[in-house]
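Engineer: Supplied in structure tokens, the structure appears directly below.
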Amino acid sequence: MNDQMITPFGDFNLKRIPDSDKNLYAWNSADRYLLNHLFELYQSGEVDLDNAKILIINDAFGALSVPLAQFSCDSYSDSVISHQAIIQNIKQCCPEDLGKITLLKSTEALKCHYDVVLFKEVKNYAFFQDEMLKVAQHVNPDALILGAIMAKNLQKNTMELLNKSIGQTQASLAWKKARLLFVNSEKTGQDEVKVKSSPVQPETNISTYELDESNEIIYNLANVFSKNKLDIGTRFFLQHLPNEKNYKNIIDLGCGNGVLSLKIAQNYPKSNITCIDESYMAVASAKMTLDANLQAEDVNVTYKAANALSDYPQNSTDLILCNPPFHQQYVVGDAIAWQMFKQSKKTLVKGGELWIVGNRHLAYHLKLQKIFGNHEFIAANNKFVVLKAVKN
Ligand SMILES: C[S@@+](CC[C@H](N)C(=O)[O-])C[C@H]1O[C@@H](n2cnc3c(N)ncnc32)[C@H](O)[C@@H]1O
Numbered sequence: 271m272n273d274q275m276i277t278p279f280g281d282f283n284l285k286r287i288p289d290s291d292k293n294l295y296a297w298n299s300a301d302r303y304l305l306n307h308l309f310e311l312y313q314s315g316e317v318d319l320d321n322a323k324i325l326i327i328n329d330a331f332g333a334l335s336v337p338l339a340q341f342s343c344d345s346y347s348d349s350v351i352s353h354q355a356i357i358q359n360i361k362q363c364c365p366e367d368l369g370k371i372t373l374l375k376s377t378e379a380l381k382c383h384y385d386v387v388l389f390k391e392v393k394n395y396a397f398f399q400d401e402m403l404k405v406a407q408h409v410n411p412d413a414l415i416l417g418a419i420m421a422k423n424l425q426k427n428t429m430e431l432l433n434k435s436i437g438q439t440q441a442s443l444a445w446k447k448a449r450l451l452f453v454n455s456e457k458t459g460q461d462e463v464k465v466k467s468s469p470v471q472p473e474t475n476i477s478t479y480e481l482d483e484s485n486e487i488i489y490n491l492a493n494v495f496s497k498n499k500l501d502i503g504t505r506f507f508l509q510h511l512p513n514e515k516n517y518k519n520i521i522d523l524g525c526g527n528g529v530l531s532l533k534i535a536q537n538y539p540k541s542n543i544t545c546i547d548e549s550y551m552a553v554a555s556a557k558m559t560l561d562a563n564l565q566a567e568d569v570n571v572t573y574k575a576a577n578a579l580s581d582y583p584q585n586s587t588d589l590i591l592c593n594p595p596f597h598q599q600y601v602v603g604d605a606i607a608w609q610m611f612k613q614s615k616k617t618l619v620k621g622g623e624l625w626i627v628g629n630r631h632l633a634y635h636l637k638l639q640k641i642f643g644n645h646e647f648i649a650a651n652n653k654f655v656v657l658k659a660v661k662n
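For the sequence shown, the working numbering begins at 271 and goes up steadily by one.
The following block contains the structure:
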């Protein structure tokens, strides 16, 4: 497959992370549509990119950030993998621009006002809303605000949200199944809408729920998995977590809001727990959940935004808990589960254990058997299984 993305700003050889499926590109036609249009505005002098402060939002692998890294850009994302891909691709394609781009985490406040805002769609509406409410407060008058979206993903509520939170929005005609969204920043009635749709500041847009039996409060920022209620797979896992054998070093892999860590910390109060997630919002939420429900002296918890266990020391860990994701952005598949299981084997000490929960139909036991050479069914119901594999 040809990895070359052709744009008027230049041609760029971009790779995804992970790069295991050769049928998936690091960009789509929405990225190219946006860059084509932006270049036209740049060439005609309508937009002065050389002197503009540019904000790029939700760039998955650098398709926008790499071509525009030559200008003054901030690239905002909730995904540490996206940030890693952006850096990797800039190093590969235009290393001279590396120092010019700033990576902004979704958990950080925006620090300046922007002249150009370029955004891609995200699947999670609550997260998109959180982002757009932040953006609304950080655009200069007359800013160019331009979105790019695959036509099949354009929802009525996306348009409504943009109309309400930033300004009058129009969609372009489709080009290669993509559309552009033109958002007028000179909107009227902004204050009225902010009061109606944003009772809290976007930076503090946190939802909580209570666990049934214990009344402990679970904290969730906007982009966190199952943020309004306990996921049913997680609920089943919580009922079957290890509580007999002793474990010192424990990882909650793909920790989300930290609910598994909370319960394992209560089972093993003297342990060291590491909460890992590729979402900055998940890691921040896990910290809020554990801080709120545990006494500081009880357990030693570390929080890491990371691509699974890619940078984690090998042979270091006694127990790994995992409720694996089954999609990366819009792409459904088992690549991340494979990665997590394979890396778990490297990370565990001899005799260390990986415990997972999964939908029965995903047949994770076959993967564990292949990687670890063993697996054990801990519990099953009509939907889920809890499985254990031991590193021998
Ligand atoms: C099914 S959710 C489980 C969340 C939480 N453990 C629970 O049970 O409620 C999977 C989590 O994995 C995270 N994730 C996805 N890909 C990841 C990766 N490459 N590295 C680390 N975490 C990842 C997602 O952000 C998500 O929080």
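For glycine and all other residues, C-beta sits at the position ideal for the given N, C-alpha and C. Here the structure is a predicted model, which means the values were calculated and not measured.
In this structure, how does DSSP classify Glu391 when only helix, strand and coil are distinguished?
Structural biologist: Here residue 391 is taken as the residue at index 121 of the sequence shown, counted from 1. Coil at Glu391, not helix or strand.
Engineer: Looking at the secondary structure, which residues open and close the alpha helix (DSSP H) in which Lys637 lies?
Structural biologist: Locating residue 637 in the sequence shown gives position 367, where the first residue counts as 1. Start and end: Tyr634 to Phe642.
Engineer: Can you look up Asp588 in the DSSP assignment and give me helix, strand or coil?
Structural biologist: For the purposes of this step, residue 588 is taken as the residue at position 318 of the sequence shown. In the structure shown, Asp588 sits in a strand (DSSP, three-state: E or B).
Engineer: Nearest-angstrom Cα distance between Ile419 and Val601?
Structural biologist: Taking the sequence shown and counting its residues from 1, the one referred to as residue 419 is at position 149. Taking the sequence shown and counting its residues from 1, the one referred to as residue 601 is at position 331. One C-alpha to the other measures close to 15 angstroms.
Engineer: Which partner residues does Leu508 have in the DSSP bridge list?
Structural biologist: What you label residue 508 is simply residue 238 of the sequence shown in a count that begins at 1. DSSP, once it has assigned bridges, lists no residue as partnering Leu508.
Engineer: Looking at the structure shown, is Lys464 part of a helix, part of a strand, or coil, going by DSSP?
Structural biologist: Within the sequence shown, numbered from 1, the residue matching residue 464 stands at position 194. Note that Lys464 scores a pLDDT of 43, beneath 50, so its modelled location is shaky; the value from the coordinates is reported in the next line. Note: Lys464 maps to helix in three-state DSSP.
Engineer: At the level of alpha carbons, what is the spacing between Ala322 and Leu334?
Structural biologist: To locate residue 322, count along the sequence shown from 1; it is residue 52. To locate residue 334, count along the sequence shown from 1; it is residue 64. Each residue's Cα considered, the two are about 15 angstroms apart.
Engineer: Does at least one heavy atom of ligand 1 sit under 7 angstroms from the Cβ of Gly603?
Structural biologist: Here the question's residue 603 lines up with position 333 in the sequence shown. Answer for Gly603: no, Cβ out of range of ligand 1.
Engineer: Measuring only the C-alpha atoms, how far is Ala607 from Tyr312?
Structural biologist: Residue mapping note: residue 607 aligns to position 337 of the sequence shown, counting from 1. Residue mapping note: residue 312 aligns to position 42 of the sequence shown, counting from 1. Using only the alpha carbons, I get a separation of about 43 angstroms.
Engineer: Give a yes or no on whether the C-beta atoms belonging to Phe309 and Phe279 are separated by under 8 angstroms.
Structural biologist: The count along the sequence shown starts at 1 and reaches residue 309 at position 39. The count along the sequence shown starts at 1 and reaches residue 279 at position 9. Taking 8 angstroms as the Cβ cut-off, Phe309 and Phe279 qualify as a contacting pair.
Engineer: Assuming Gln536 is part of the alpha helix (DSSP H), what are its boundary residues?
Structural biologist: Translated into the one-based positions of the sequence shown, residue 536 becomes position 266. Its alpha helix (DSSP H) spans residues Val529 to Asn537.
Engineer: So Ala575 is in the beta strand (DSSP E); what residue range does that whole segment cover?
Structural biologist: By 1-based counting over the sequence shown, the position of residue 575 is 305. Per DSSP, Ala575 belongs to the beta strand (DSSP E) from Asn570 to Ala575.
Engineer: Taking the straight line between their C-alpha atoms, what separation do you get for Val619 and Thr439?
Structural biologist: Working through the sequence shown from its first residue, we reach residue 619 at position 349. Working through the sequence shown from its first residue, we reach residue 439 at position 169. Rounded to whole angstroms, Val619 to Thr439 spans 55 angstroms at the Cα level.
Engineer: Tell me where the beta strand (DSSP E) around Ser611 begins and ends.
Structural biologist: Locating residue 611 in the sequence shown gives position 341, where the first residue counts as 1. For clarity, residue 611 is Phe in the given sequence; the question names Ser instead. Here Phe611 belongs to no beta strand (DSSP E); instead the alpha helix (DSSP H) covers Ala605 to Thr617.
Engineer: Use the C-beta contact count for Leu368: other C-beta atoms within 10 angstroms, 16 or more gives buried, fewer gives exposed.
Structural biologist: Residue numbering aside, residue 368 sits at position 98 when the sequence shown is read from its first letter. Flag for Leu368 reads exposed.
Engineer: Below 8 angstroms on the Cβ atoms is my guess for Asn359 versus Ser347; work out the distance and round it to an integer in Å.
Structural biologist: Position 89 of the sequence shown, counted from the first residue, corresponds to residue 359. Position 77 of the sequence shown, counted from the first residue, corresponds to residue 347. That belief does not hold up - the Cβ atoms of Asn359 and Ser347 are roughly 14 angstroms apart, past 8 angstroms.
Engineer: Please go through the segment 312-388 and give each complete alpha helix (DSSP H) segment of 4 or more residues, from N-terminal end onward.
Structural biologist: Taking only runs of at least 4 residues, the alpha helix (DSSP H) segments lying wholly in the segment 312-388 are 335-338 and 350-363.
Engineer: Sort out for me which residues DSSP pairs Val405 with in a bridge.
Structural biologist: What you label residue 405 is simply residue 135 of the sequence shown in a count that begins at 1. DSSP output for Val405 lists no bridge partner at all.
Engineer: Spatial neighbours of Thr458 within its chain, please: C-beta separation below 8 angstroms, excluding the five flanking residues on both sides.
Structural biologist: What you label residue 458 is simply residue 188 of the sequence shown in a count that begins at 1. Any reading at Thr458 is ruled out, since the residue's pLDDT is 39, under 50, leaving its predicted position unreliable.
Engineer: Within its chain, find whatever has a CB closer than 8 angstroms to the CB of Pro469; leave out the 5 residues flanking it on each side and keep chain order.
Structural biologist: As a first step, residue 469 must be located in the sequence shown, where it is residue number 199. Low per-residue confidence applies at Pro469: pLDDT is 35, beneath 50, and the placement is therefore not dependable, though the value from the model is reported in the following sentence. Nothing listed; no residue qualifies.
Engineer: So, Gly526 versus Pro594, is the Cβ gap smaller than 8 angstroms?
Structural biologist: The residue you call residue 526 lines up with position 256 of the sequence shown. The residue you call residue 594 lines up with position 324 of the sequence shown. No, the Cβ-Cβ distance between Gly526 and Pro594 is not below 8 angstroms.
Engineer: What first and last residue would you give for the beta strand (DSSP E) that runs through Leu579?
Structural biologist: Within the sequence shown, residue 579 is the residue found at index 309, counting from 1. No beta strand (DSSP E) holds Leu579; DSSP gives it neither H nor E.
Engineer: Looking at Leu431 and Gln399, is the spacing between their C-beta atoms short of 8 angstroms?
Structural biologist: Taking the first residue of the sequence shown as 1, we reach residue 399 at position 129. Taking the first residue of the sequence shown as 1, we reach residue 431 at position 161. Yes, they are a contact pair.
Engineer: Can you list, in chain order, the residues of its chain with a C-beta nearer than 7 angstroms to that of Phe389? Leave out the 5 residues immediately preceding and following it.
Structural biologist: Counting from 1 along the sequence shown, the entry for residue 389 is found at position 119. Counting only Cβ-Cβ distances below 7 angstroms, and skipping sequence neighbours, we find Ile327, Asn328 and Gly417.
Engineer: Where do the N-terminal and C-terminal ends of the beta strand (DSSP E) with Asn454 fall, by residue?
Structural biologist: Within the sequence shown, the letter at position 184 stands for residue 454. Taken as a continuous stretch (DSSP letters only), the beta strand (DSSP E) holding Asn454 covers Ala448 to Asn454.
Engineer: Compute the beta-carbon to beta-carbon distance between Glu646 and Leu657, rounded to the nearest angstrom, for a pair I have assumed lies under 8 angstroms.
Structural biologist: Taking the sequence shown and counting its residues from 1, one reaches residue 646 at position 376. Taking the sequence shown and counting its residues from 1, one reaches residue 657 at position 387. Rounded, the Cβ-Cβ distance is 7 angstroms, consistent with contact.
Engineer: With respect to 7 angstroms, is the separation between the Cβ of Phe495 and the closest non-hydrogen atom of ligand 1 below this value?
Structural biologist: Translated into the one-based positions of the sequence shown, residue 495 becomes position 225. Checking the Cβ of Phe495 against ligand 1 gives yes.
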